[in-house]
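Shown next, in structure tokens, is the structure this report addresses.
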Amino acid sequence: MQASRREIVAGLAALPLIGAAPRPGVRVVLLGTKGGPTPSPYRAAPATLIQVGGKAWVVDCGNGVANQLAKAGVALDTLSRLFVTHNHSDHIADVGTLIELAWSSGLKTPVTVHGPPPIKAIVRDQLAALSYDVAARIREEGRIPLAPLVDVEERATGGVVVRDGGTTVTSCLVDHESVKPAFAYRFDTPGRSIVISGDTHYSENLVALAKGADLLIHEAIYAPAIPQMAGENASTLVNHLRRSHTSAEDAGRVAARAGVKKLVLSHLVPGGPQVTDAMWLAAVRTTFAGEVVIGRDLMEV
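In terms of my numbering, the numbers along the sequence shown are unbroken and rise by one, the last being 301.
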């Protein structure tokens with residue numbers, strides 16, 4: 001099933017505008033849409049905002065996530081929960097930093113981090129690295145202690161993660177090669193259902209988790225461009241990407257089999273201009289006929 005020129009142009013024209021007025025109810029913002037740890041001038045590191053009931057929930061915390069939240073108009077003192085899909089650096093680099101910056105921005109309410117082991121040790125060590133600054137701000141600015149506000153709920157299996165204010169969060173295990181456990185998350189809110197794939201190869205568990213969802217945000221690689229971007233570690237990196245990530249075509253297969261209403265591609269590899277929105281869309285259109293959005297930083301979906 002090939003995408004026509006008219007279909008590709010229509011799909012691109014339908015992309016939400018960055019900075020558009022927030023939607024009522026549940027707000028979902030792609031804070032960062034690049035895959036991998038290397039900083040890029042084109043896209044920010046992986047992170048997604050789910051804002052519901054005045055609370056900010058963040059899925060994955062790549063480098064610079066606090067700045068992206070500020071650009072999205074989110075008050076950091078509304079931070080409530082962080083959901084980590086897996087412990088690669090592009091997903092956890094700023095977990096502790098985000099919590100500390102939220103606290104230094106006036107946070108006085110608890111923050112819970114949900115994720116796979118060893119996320120508890122990671123959060124402990126990241127906050128320990130910031131302990132000098134925390135102590136200084138308590139002493140000099142009269143801030144409340146940070147440590148009592150932070151809770152970490154570590155789990156190694158899928159299932160119901162939390163129920164909070166009418167929203168239920170469920171996880172499933174996905175296949176991310178040697179970095180295990182790795183999770184996808186489903187957020188069933190009063191307004192709509194949102195699934196975030198995390199990093200994964202094609203996953204039947206994810207198909208089951210995403211059944212009938214309103215929105216599936218799925219990672220994607222553009223396979224034809226991978227050898228050119230691999231550089232000196234070409235053979236090792238290419239093999240890793242193919243074993244532990246999902247091609248755009250397979251992301252479409254997941255969406256089609258799950259019967260989701262809208263598919264959003266994010267965590268894009270490569271994340272630069274060598275792969276255009278039209279190229280991503282054409283790849284997905286070989287397997288999925290539904291609504292497709294090619295993610296951009298700060299896009300509301």
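We put the CB at the ideal spot given by N, CA and C, even for glycine.
Pairwise C-alpha distance: residue j and residue i
i	j	result
GLY62	GLN68	10 angstroms
LEU265	GLY32	12 angstroms
LYS180	HIS86	7 angstroms
ASP175	ASN205	9 angstroms
ALA225	THR170	34 angstroms
LEU268	GLU140	43 angstroms
GLY212	ALA283	22 angstroms
THR189	ASP214	11 angstroms
THR286	LEU149	48 angstroms
ILE352	PRO41	Nothing about residue 352 can be read from this structure; the chain reaches only from 1 to 301.
SER104	ALA136	11 angstroms
THR48	GLN126	21 angstroms
Burial state of residue i, where buried means 16 or more other Cβ atoms lie within 10 Å
i	result
PRO145	exposed
GLN228	exposed
VAL160	exposed
LYS34	buried
PRO116	buried
ASP60	buried
GLN51	buried
ALA182	buried
TYR132	exposed
ALA66	buried
ALA147	exposed
VAL292	buried
Cutoff 7 angstroms; reference residue i; Cβ partners in own chain excluding five residues on either side
i	result
ARG23	Because ARG23 sits at a pLDDT of 44, beneath the cut-off of 50, its placement in the model cannot be relied upon, and the following sentence gives the value as read from the coordinates. Closer than 7 angstroms at Cβ, skipping near neighbours: GLU300.
LYS55	THR78, SER80
Beta-carbon contacts of residue i that lie in its chain and below 8 angstroms, excluding the five residues immediately before and after
i	result
HIS240	GLU177
LYS71	LEU298
ALA93	PRO37, ALA45, CYS61, GLY62, ASN63
Close Cβ partners of residue i (< 6 angstroms) along its chain, the five nearest in sequence each way excluded
i	result
ALA210	VAL195, LEU216, ALA258, VAL260
Residue-chain proximity (residue i, chain C), Cβ-Cβ < 8 angstroms
i	result
TRP280	Within the model displayed, chain C is absent; a lone protein chain is all it includes.
Per DSSP, the bridge partner or partners of residue i
i	result
GLU154	GLY115
LYS34	LEU268
GLN126	According to DSSP, which records beta bridges pairwise, GLN126 is partnered with nothing at all.
ASP164	THR167
GLU291	LYS262
LEU49	VAL29, VAL58
GLY159	SER171
GLU300	VAL29
Practice problem: Give, in chain order, every unbroken run of the beta strand (DSSP E) that is at least 3 residues long and sits entirely within the stretch 56–108. | Solution: 79–83
Self-check item: Segments assigned beta strand (DSSP E), at least 3 residues, entirely inside the stretch 180–265
Solution: 183–188, 193–196, 215–221
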